[in-house]
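J.:
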Amino acid sequence: MNNLRTVVYEDAGWQRLLPLVYLRAVFQLRCGMGDLLGRIRGLCDQTLLDIWCRRELCEMVAEQTGVQANRPVEGAALFVNGRGLWHALPDLNPAEPSWVGVVGNAIACVWANAELARVVSPGVLLDEARTQAALAGLPRKDVSGCVDLMHWPWQLVLANEQALLDDWAAQTELRGVFGQVDTGSYLLNEAEVFVGAGSRIKPCVVIDAEDGPVYIGENVRVMPHCYIQGPAYIGDGSLIQPGAVVHEGTTIGPVCKVGGEIEASIIHGYSNKQHDGFLGHSYVGQWVNIAADCINSDLKNTYGTVRVPINGYEVDTGEQFVGMLVGDHSKAGINVSFPTGAVVGFCSSVFAPVSPKFVPSFTWIDGAQIARYDEQRGLAIAKKVMTRRKKTMGMAEERAFLAITRQALALERQPLDDELLHPTEGNF
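Heads up: the sequence shown begins at 54 in the numbering used here, then just goes up one per residue.
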């Protein structure tokens, strides 16, 4: 374990992870059984851990993580890119000069002596040009064996299955059944199943860990006639509705309610997809509600590679299976179909038979009607939803929420209404 000061930071790459990071730092994104920061915590001395993030998120992220944010660093430190899925930290010699760890051409970490540590700051590392200037001339080291950098949101989904396997292998205490498994349910390869205290697996459930482990947290209810296939993770306090099918490579929770069919997807806490419908190869943010019979496509009819709209540009993922990305506090009405590679922004609502491929943040689509509603209306709805789960939005989170409109206007291309209603590319 690294016992030197470690600073987990955001860089300019956060913009490519929108809309998932409007209301969270990049290192709060989930992959596997936890978030990216949690993996780094396990690799270093937490008493020597700092986080650096965008100024508008600073107070909120510090409250959520319990780590002081954006404080100056005194002395030498290892600066670790927060959008990395870290497997190990690079070997360090405190006496050696500063150097830059890279994966390809991307900066993954910086070993900074005391002099360099005084030069860098959260603002410097968030600005690509300033970062390059501050680090110019330093030797480069290949650290690709330590980390996979997440450049795009779908890469988290693609990495999730292996991350689940790695997390399970790293935590040997995650073994055993401490909750209640009713007669008539089956645990296949029980040695690779964890059921937390207070959880109940009702009759006629099959938990299949033959191809990967299944983690079911505390106080989870799995209703009758469900099938859960590992590797999979069900967070504390979640509800799996009757007849649900959860396929491999899926992370859910905590405190989610899910039903229908879910495959190879990540769902943040306090989000609901309770009813029939399909969710595949997708990343869903927090406080999202997906209504009955909604489906998304994760495979084009041509079997070609999927293109995803990110910040006004169609990005070719190079992947055959890519579902949709849904920002926090967004909603889908009943029977909505989402095209392959769809993106729904922050705090948006779609009530239409077919969603546009790109839905800007703070947008309401109701059939042929499109409306942009202000952040105060969105905030009021978000608070009401949180109250139903006995949660209260803190002032720091409220301020960060209200700042998103300005960011979205600057970063998201705002299509014409006709473009939204008649997208040029669907599943083809």
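Note that beta-carbon positions come from the ideal geometry of N, C-alpha and C, so glycine has one too.
Here the structure is a predicted model, which means the values were calculated and not measured.
If you drop the 5 nearest sequence neighbours on each side, which residues of the same chain put their C-beta closer than 6 Å to that of TRP500?
T.: A query on residue 500 cannot be resolved here, the shown segment of the chain reaching from 54 to 481 and no further.
J.: What residue range is occupied by the uninterrupted alpha helix (DSSP H) comprising GLU116?
T.: The residue labelled residue 116 in the question sits at position 63 within the sequence shown. Its alpha helix (DSSP H) spans residues 111 to 118.
J.: Pairing CB atoms from the segment 93 to 104 with CB atoms from the segment 422 to 439, are three or more of them under 8 Å?
T.: no
J.: Since CYS162 contacts VAL133 with CB under 8 Å, what's their CB separation in whole angstroms?
T.: Start at 1 with the first residue of the sequence shown, and residue 162 comes out as number 109. Start at 1 with the first residue of the sequence shown, and residue 133 comes out as number 80. Contact flag correct, Cβ pair sits at about 5 Å.
J.: Taking 8 Å as the threshold, find out whether the segment 316 to 333 comes into contact with the segment 288 to 303 through three or more Cβ pairs.
T.: Cβ pair count under 8 Å is three or more, so yes.
J.: Work out the CA separation of TYR366 and TRP207 for me, nearest whole Å.
T.: In the sequence shown, the residue the question calls residue 207 occupies position 154. In the sequence shown, the residue the question calls residue 366 occupies position 313. Going from the Cα of TRP207 to the Cα of TYR366 covers about 15 Å.
J.: Looking only at C-alpha atoms, which of LYS353, GLY229, ARG69, LEU202 sits nearest to GLY135?
T.: Position 82 of the sequence shown holds residue 135. Out of LYS353, GLY229, ARG69, LEU202, LEU202 has the C-alpha closest to the C-alpha of GLY135.
J.: Please state whether DSSP places ASN55 in a helix, a strand or coil.
T.: Start at 1 with the first residue of the sequence shown, and residue 55 comes out as number 2. DSSP places ASN55 in strand when its eight states are reduced to three.
J.: At 3 residues or longer, what runs of the beta strand (DSSP E) sit wholly inside the segment 64 to 126?
T.: Runs of the beta strand (DSSP E) inside the segment 64 to 126: 102 to 105.
J.: So if DSSP puts CYS347 in a beta bridge, which residue, or which two residues, is it bridged to?
T.: Counting from 1 along the sequence shown, the entry for residue 347 is found at position 294. Partner(s): GLY330.
J.: Pick from ASN388, ASP346, ILE387, THR393: whose alpha carbon is nearest that of ASP369?
T.: Sequence index remark: in the sequence shown, residue 369 carries index 316 (1-based). Of the listed residues, the one whose Cα sits closest to ASP369 is THR393.
J.: Using a 10 Å radius around the Cβ and a threshold of 16 neighbouring Cβ atoms, would you call ILE387 buried or exposed?
T.: For the purposes of this step, residue 387 is identified with residue 334 of the sequence shown, where counting begins at 1. By the 10 Å Cβ count, ILE387 comes out exposed.
J.: Reducing DSSP to helix, strand and coil, say where ARG415 ends up.
T.: Counting from one through the sequence shown, the residue named residue 415 turns up at place 362. Here the sequence assigns Phe to residue 415, which means Arg is not the residue at that position. DSSP places PHE415 in coil when its eight states are reduced to three.
J.: Just mark GLU465 as buried or exposed, buried being the case when its beta carbon has 16 or more other beta carbons within 10 Å.
T.: Within the sequence shown, the letter at position 412 stands for residue 465. Buried, by the Cβ-count rule.
J.: Have a look at SER350, SER252, THR304, GLU372 and flag the residue whose alpha-carbon is nearest the alpha-carbon of PRO284.
T.: Position 231 of the sequence shown, counted from the start, is the residue given in the question as residue 284. The residue with the shortest Cα to Cα distance from PRO284 is THR304.
J.: Touching or not, the segment 68 to 80 and the segment 104 to 124, by the rule of three or more beta carbon pairs under 8 Å?
T.: yes
J.: Which residues does DSSP pair with VAL379 in a beta bridge?
T.: Numbered from 1 along the sequence shown, position 326 holds the residue referred to as residue 379. For VAL379, which the question treats as bridged, DSSP gives the partners VAL337, VAL397.
J.: Going by C-alpha to C-alpha distance, which of VAL156, GLU168, ALA141, GLY137 sits closest to ALA148?
T.: Here residue 148 is taken as the residue at index 95 of the sequence shown, counted from 1. For the residues VAL156, GLU168, ALA141, GLY137, the minimum Cα distance to ALA148 belongs to GLU168.
J.: Can you tell which of ALA212, CYS400, LEU292 has the C-alpha that lies nearest to the C-alpha of MET86?
T.: Sequence index remark: in the sequence shown, residue 86 carries index 33 (1-based). Residue ALA212 is the option with its Cα nearest to MET86.
J.: Can you tell me the Cα-Cα spacing of HIS204 and GLY66, whole angstroms?
T.: What you label residue 204 is simply residue 151 of the sequence shown in a count that begins at 1. What you label residue 66 is simply residue 13 of the sequence shown in a count that begins at 1. Answer to the nearest angstrom: the Cα atoms are 7 Å apart.
J.: With C-beta atoms as the reference, is LYS310 less than 9 Å away from GLN327?
T.: As a first step, residue 310 must be located in the sequence shown, where it is residue number 257. As a first step, residue 327 must be located in the sequence shown, where it is residue number 274. In contact: LYS310 and GLN327 (Cβ atoms closer than 9 Å).
J.: Where does the unbroken alpha helix (DSSP H) through GLY176 begin, and where does it stop?
T.: Here the question's residue 176 lines up with position 123 in the sequence shown. Taken as a continuous stretch (DSSP letters only), the alpha helix (DSSP H) holding GLY176 covers 175 to 178.
J.: For LEU128, count neighbouring Cβ atoms within 10 angstroms of its own Cβ and tell me buried if that reaches 16, exposed if not.
T.: Counting from 1 along the sequence shown, the entry for residue 128 is found at position 75. Looking at the sequence provided, one finds Gly at residue 128 rather than Leu. The residue is exposed, with fewer than 16 neighbouring Cβ atoms inside 10 Å.
J.: Taking the DSSP output, what are the residues bridged to LYS436?
T.: For this step, residue 436 is matched to residue 383 along the sequence shown. The beta-bridge partner set that DSSP reports for LYS436 is empty.
J.: With distances taken between CB atoms, is the gap from ALA170 to VAL126 smaller than 9 Å?
T.: Position 117 of the sequence shown, counting from 1, holds the residue named residue 170. Position 73 of the sequence shown, counting from 1, holds the residue named residue 126. Their beta carbons are under 9 Å apart, which means ALA170 touches VAL126 by this criterion.
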